[in-house]
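A.B. asks: Handing you this structure, nothing more for now.
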Amino acid sequence: MIVMTLKIIFTILYLGITGFLGYLGFKHTKNSNDYLIGGREIHPMIMAISYGATFISTSAIIGFGGTSSVFGMSLLWLTLMNIVFGIIIAFIVFGKRTRKMGHNLDAHTFPEFIGRRFQSVFIQKFAGLVIFFLMPIYAAAVMIGASKFIEWSLGVNYNIALFFFAIIVGVYVFFGGLKGVMYSDAFQGGLMFVGMIILLVWVYQGLGGISQAHQKLTDLMSNPAVLEQLKVPPGFRGWTSMPSFLSTNWWIVVSSIILGVGIGALAQPQLVVRFMTVKSNREINRAVPAGGVFILIMTGVAYIVGSLSNVYFFEKYEQIAVVAAKGTDNVIPLFLQTFMPEWFMAVFFVVVVAAGMSTLSSQFHAIGTAVGRDLFPNKEEKEQKMMLVMRIGMLIAILMTVLLAFVLPSIWDGAIAISTGLFFGVCAAAFLPLYIGALYFKKLSKYAAIAGMSAGFTTSILWMMFIHTKESAVLKVCSFLTGKDTLTPVGSNLAVVDPIIISLTVSILVTIVVALITKSKFENKHIETCFNGIK
0 MIVMTLKIIF TILYLGITGF LGYLGFKHTK NSNDYLIGGR EIHPMIMAIS
50 YGATFISTSA IIGFGGTSSV FGMSLLWLTL MNIVFGIIIA FIVFGKRTRK
100 MGHNLDAHTF PEFIGRRFQS VFIQKFAGLV IFFLMPIYAA AVMIGASKFI
150 EWSLGVNYNI ALFFFAIIVG VYVFFGGLKG VMYSDAFQGG LMFVGMIILL
200 VWVYQGLGGI SQAHQKLTDL MSNPAVLEQL KVPPGFRGWT SMPSFLSTNW
250 WIVVSSIILG VGIGALAQPQ LVVRFMTVKS NREINRAVPA GGVFILIMTG
300 VAYIVGSLSN VYFFEKYEQI AVVAAKGTDN VIPLFLQTFM PEWFMAVFFV
350 VVVAAGMSTL SSQFHAIGTA VGRDLFPNKE EKEQKMMLVM RIGMLIAILM
400 TVLLAFVLPS IWDGAIAIST GLFFGVCAAA FLPLYIGALY FKKLSKYAAI
450 AGMSAGFTTS ILWMMFIHTK ESAVLKVCSF LTGKDTLTPV GSNLAVVDPI
500 IISLTVSILV TIVVALITKS KFENKHIETC FNGIK
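Numbered according to numbering that gives the first Met the number 0, the sequence shown spans residues 0 to 534.
Laid out in structure tokens, this is it:
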């Protein structure tokens, strides 16, 4: 009873502060420039934590934390990828040029940025459609993670938890604009950071210290009872080792998880727009250390705790984590509920809700702006009409997300990680070569950009439909046409090679080939405008 009271008190306080910050953003949102990119005057620390809180959500804590209970600490390579690609390269190599070029082109969204750079309405609308139709899959992953935790924490039905969480997020993001979103992200990110540090310290203390905890995890692989419960693809060598090179397990870990999510972060529309919110490159430089430390703690702790949960569950129940929890996405909620003290659950309840809200608010903002600014641009430039269209787009996106969050858990075990990887992979294949070309290659033609984007997107979708079993078995297109879940031969590892490996390669090659055989027809004045002030 006391714990439930604490949860209610903490939740009311959290929602009150978040609501106030959303209201603050609403009051400071005077026009579409404020609503879309925060007036280009956001403090670098707020930008860094907002970027990190948007990047890392319940999909990382609940979804990938649960996935690490299956694949082990090999997922820590994803933490390294997130820091190197998602922070250092994204901020320094991409962020500075994105900020300046976005300002030069007066771009307010990622589709508008690449559309104006290549003077292509097709590119802008295509990117807007990808965001509108596919980002709800990623948003559903985040919503599933938060709703699963609320279900375990409060003992309510999953559908009820999902319904009320969706309402809270919807009301909050509907009014605040990007200023409100980023203010709240910074607050929520701070909560997440403190909560994860407490979690890491408590777990190591409870398992006998760092060395002993890791040794226990290593020793599990020599226990016959553990080996009987293992149902992982060939190549698994334990939770403290990388899978055997080029084994089925290795391809899943490296291609789908480490590369798929690690590289995919570079071309996330809701993250790219963050670079346009600060006023100078100096602010971006100042944001790098804060962003790097935030990502290190948030992802590193989740993957370590997920792996070590196997030690706790086996000692207490004689079952490995995924067996005890009856599903990958249930591992972290069950572990926290049974291992951590009750007072911590009251605190961490707010942390998980914050993680979900910080990412969902940015996702729905990106979807809404894609609708109002990119798919249905207001030619008369009437602020109120454009804001209305954006909010209608957000409402539709929220409904789509809730529907997917109802359906996906019954389709996939590990739906959170799969859905996240799917969206990251498609974005990388469709947008990354074009995005790099926009920033660094003045002579890249519009036709090369369109060809690479189209080829990457198409290859990614086809690979999911006909080759990659995780998606093809669910989509049923291959089964309907051929009677088989996948076109790959029995025993072939192609069925577990993530679409990003093939589709990104195709996208890069097509972009290069078309660039070599076509000439850029942009006027010198346009190129000078794009690269003005960029060294």
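Backbone N, C-alpha and C fix where the C-beta goes; we use that ideal spot for every residue, glycine too.
#1: Comparing alpha-carbon positions, which option in Met386, Met393, Tyr302, Asp497 lies nearest Thr458?
#2: Just verifying my parser: in three-state terms, what is the DSSP assignment at Gly37?
#3: Exposed or buried, what is Ile516 when buried is set at 16 or more other beta-carbons lying within 10 Å of its beta-carbon?
#4: Can you give me the start and stop residues for the alpha helix (DSSP H) that Thr510 sits inside?
#5: Give the straight-line distance between the Cα atoms of Ala106 and Pro432, rounded to the nearest whole angstrom.
#6: Does Val352 come within less than 9 Å of chain D when only Cβ atoms are used?
#7: If we ignore side chains and look at the alpha-carbon of each, how far apart do Pro411 and Glu314 end up?
#8: Look at the Cβ atom of Thr397, then the Cβ atom of Ala145, and state whether they are nearer than 9 Å.
#9: Closest to Leu240 by C-alpha separation, out of Phe363, Leu216, Leu229, would be which residue?
#10: Assuming Gly355 contacts Met142 (C-beta within less than 8 Å), just tell me the rounded distance between them.
#11: What's the gap between the Cα of Ile209 and the Cα of Leu258?
#12: In the DSSP assignment, find the unbroken alpha helix (DSSP H) run with Ser361 in it and report its ends.
#13: By the three-class DSSP mapping on this structure, what secondary structure does Asp484 have?
#14: Taking the beta carbon of Ser418 as the centre, do at least 16 other beta carbons fall within 10 Å, making it buried, or is it exposed?
#15: Nearest CA to the CA of Leu124: which residue from Thr108, Leu333, Tyr316?
#16: Based on Cα-Cα distance, which residue from Leu443, Phe244, Phe343 lies nearest to Val548?
#17: Given a cut-off of 9 Å on the beta-carbon distance, is the pair Thr487 and Thr468 in contact?
#18: Take Ala514 and list the residues in its own chain whose beta-carbon comes closer than 7 Å to its own, dropping the five residues that flank it on each side.
#19: Buried or exposed for Phe148, going by 16 or more other Cβ atoms inside 10 Å?
#20: Closer than 6 Å by C-beta to Ala472: which residues in its own chain qualify, once you throw out the five before and the five after it? Chain order, please.
#21: Could I get the ranges of all uninterrupted alpha helix (DSSP H) runs contained in the region 380-430, with 4 residues as the minimum, in chain order?
#22: If we ignore side chains and look at the alpha-carbon of each, how far apart do Gly37 and Val322 end up?
#23: Looking only at its chain, what residues have a beta carbon closer than 7 Å to the beta carbon of Ala139, apart from the 5 residues adjacent to it on each side?
#24: Determine contact between the region 281-295 and the region 110-117, defined as no fewer than three beta-carbon pairs at a distance below 8 Å.
#25: Alpha carbons only, please: which of Ala353, Met134, Ser360 is nearest the one belonging to Ile60?
#26: Flag this pair as yes or no: are the beta carbons of Ala286 and Tyr50 separated by less than 9 Å?
#27: Determine the contact status of Arg372 and Pro110, defining contact as a CB-CB distance below 9 Å.
#28: From the DSSP output, in three-state form, read off Pro432 for me.
#29: With a cut-off of 8 Å, do at least 3 Cβ pairs link the region 241-249 to the region 82-89?
#30: When the Cα of Met389 is compared with those of Gly169, Ile533, Ala437, Val252, which residue comes out closest?
#31: What are the complete alpha helix (DSSP H) segments, minimum 4 residues, inside the region 82-158?
#32: Report yes if the C-beta distance between Asp218 and Ser361 is below 9 Å; otherwise report no.
C.D. replies: In short, the structure shows the following:
#1: For Thr458, the nearest C-alpha among the options comes from Asp497.
#2: At Gly37 the pLDDT is 48, less than 50, meaning the model places this residue with poor confidence; the figure from the coordinates comes in the next sentence. Here Gly37 sits in helix by DSSP.
#3: Exposed is the label assigned to Ile516, since fewer than 16 other Cβ atoms lie within 10 Å of its Cβ.
#4: 498-516 is the span of the alpha helix (DSSP H), which, as asked, contains Thr510.
#5: A direct Cα-to-Cα measurement between Ala106 and Pro432 gives close to 19 Å.
#6: Here there is only one protein chain, and chain D is not present.
#7: Residue identity differs from the one stated: residue 411 is Trp in this sequence, not Pro. For Trp411 and Glu314, the distance between alpha carbons rounds to 28 Å.
#8: With the sequence shown as reference, residue 397 is identified as Ile, and Thr is not the correct amino acid for it. Taking 9 Å as the Cβ cut-off, Ile397 and Ala145 do not qualify as a contacting pair.
#9: Checking the sequence, you will find Ser at residue 240 rather than Leu. Per the Cα distances, Leu216.
#10: Sure, about 7 Å apart at Cβ, within 8 Å.
#11: In this structure, the CA atom of Ile209 is about 28 Å from the CA atom of Leu258.
#12: Taken as a continuous stretch (DSSP letters only), the alpha helix (DSSP H) holding Ser361 covers 341-368.
#13: Coil at Asp484, not helix or strand.
#14: Classification of Ser418: buried, given that the 10 Å Cβ count is 16 or more.
#15: Here residue 124 is Lys; the residue named in the question, Leu, does not match the sequence. Between Lys124 and the set Thr108, Leu333, Tyr316, the nearest pair of CA atoms involves Thr108.
#16: The structure shown has nothing for residue 548, since the chain only spans 0 to 534.
#17: Yes, the Cβ-Cβ distance between Thr487 and Thr468 is below 9 Å.
#18: Correct list, in chain order: Leu443, Ser444, Ala447.
#19: Buried, since its Cβ has 16 or more Cβ neighbours within 10 Å.
#20: Once the five neighbours on either side are set aside, the close Cβ partners of Ala472 are Asp484.
#21: For the region 380-430, the continuous alpha helix (DSSP H) assignments of 4+ residues that do not extend past its boundaries occur at 382-410, in sequence order.
#22: The predicted model places Gly37 with a pLDDT of 48, which falls under 50 and marks its position as unreliable, so this point remains unresolved.
#23: These residues qualify, in order along the chain: Thr400, Leu403, Ala404, Leu407, Ser418.
#24: Touching, no, given that fewer than three Cβ pairs across the two stretches are closer than 8 Å.
#25: In this structure, Ala353 is the residue among Ala353, Met134, Ser360 with its C-alpha nearest to the C-alpha of Ile60.
#26: For Ala286 and Tyr50, yes; Cβs fall inside 9 Å.
#27: A Cβ-Cβ contact shorter than 9 Å links Arg372 with Pro110.
#28: It is helical.
#29: Contact between the region 241-249 and the region 82-89 is absent, because fewer than three Cβ pairs lie under 8 Å.
#30: Residue Gly169 is the option with its Cα nearest to Met389.
#31: Fully enclosed alpha helix (DSSP H) runs of 4 or longer: 95-103, 109-116, 120-153.
#32: Their beta carbons are not under 9 Å apart, which means Asp218 does not touch Ser361 by this criterion.
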